[in-house]
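In what follows, a single structure is set out as structure tokens and then discussed.
Residue numbers (the working numbering): 111 to 366.
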């Protein structure tokens with residue numbers, strides 16, 4: 111009920127299309143299984159037929175129940191009168207207005223860009239003013255420059271979260287308190303508390319050629335960014351993102 115009528119209708123139709131696709135995939139996969147068994151040993155074919163039929167019947171039974179439920183939801187949406195639609199529209203407009211105000215506030219306190227904080231006092235100010243923060247503890251080395259490039263991209267994609275960096279060697283109190291040893295380390299912070307860490311590149315494949323999407327998914331596991339399983343970076347290929355990040359980081363390193 112939080113979506114507009116058109117959005118709800120489109121989502122339900124998509125669910126129905128996905129359901130039909132699932133049925134086809136299951137049937138095809140079971141047909142392939144039957145063929146594979148036939149190639150291995152002929153006498154198994156007589157067993158594969160009833161098994162395949164049972165699986166297909168079960169899938170179709172479940173699919174039919176799901177499709178009926180989707181059809182009921184479509185029917186209920188189609189029965190909405192003008193007053194109902196107006197209520198939904200007003201609710202949606204209020205939500206959009208509220209989100210626009212949130213975004214404006216976030217941008218005013220530094221969200222939407224990757225910035226450096228220069229003192230431990232500033233760190234505590236940032237953490238208090240933003241509900242979600244990703245802080246990169248860094249030093250001037252190549253791995254940290256690679257992390258910088260990915261963080262810059264994510265800061266623009268996820269304005270609901272503040273992305274910052276602080277030089278570990280100039281923040282001894284923080285580094286000791288948060289047990290920062292390996293650099294780069296990302297501190298993933300929610301409601302002023304460090305919930306998780308990304309230490310080095312170990313969780314990102316162990317190399318510096320990981321994609322921004324890899325880092326995005328790892329940060330999302332701590333629920334420090336809004337993420338529903340579909341990366342905000344899907345419009346670019348993973349290979350292209352990796353190449354651009356590494357080239358950019360190397361270019362910065364060469365220019366110093």
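All C-beta atoms in this analysis are idealised placements derived from N, C-alpha and C, irrespective of residue type, glycine included.
For residue j and residue i, believed in contact at Cβ under 8 Å, the rounded distance
i           : j           : result
residue 314 : residue 298 : Wrong, their Cβ atoms sit about 14 Å apart, outside the cutoff.
residue 229 : residue 274 : Actually they are not in contact, since the Cβ atoms of residue 229 and residue 274 sit about 12 Å apart, beyond 8 Å.
residue 367 : residue 223 : Residue 367 lies beyond the stretch modelled for the chain, which goes from 111 to 366, so this question has no answer here.
residue 256 : residue 318 : 5 Å
Under 8 Å between C-beta atoms of residue i and residue j
i           : j           : result
residue 233 : residue 263 : no
residue 241 : residue 301 : yes
residue 309 : residue 288 : no
residue 221 : residue 322 : no
residue 306 : residue 332 : yes
Residue(s) in a DSSP beta bridge with residue i
i           : result
residue 202 : Note: residue 202 sits in no beta bridge, so no partner.
residue 225 : 274
residue 247 : 276 and 295
>> Count Cβ pairs between the stretch 240-247 and the stretch 286-294 that sit closer than 8 Å; are there 3 or more?
In response: yes
> Can you list, in chain order, the stretches of the alpha helix (DSSP H) that have 4 or more residues and sit fully within the stretch 257-344?
Replying inline: 282-287 and 322-331
> So does the stretch 211-218 actually touch the stretch 266-275, counting three or more Cβ pairs closer than 8 Å?
Replying inline: yes
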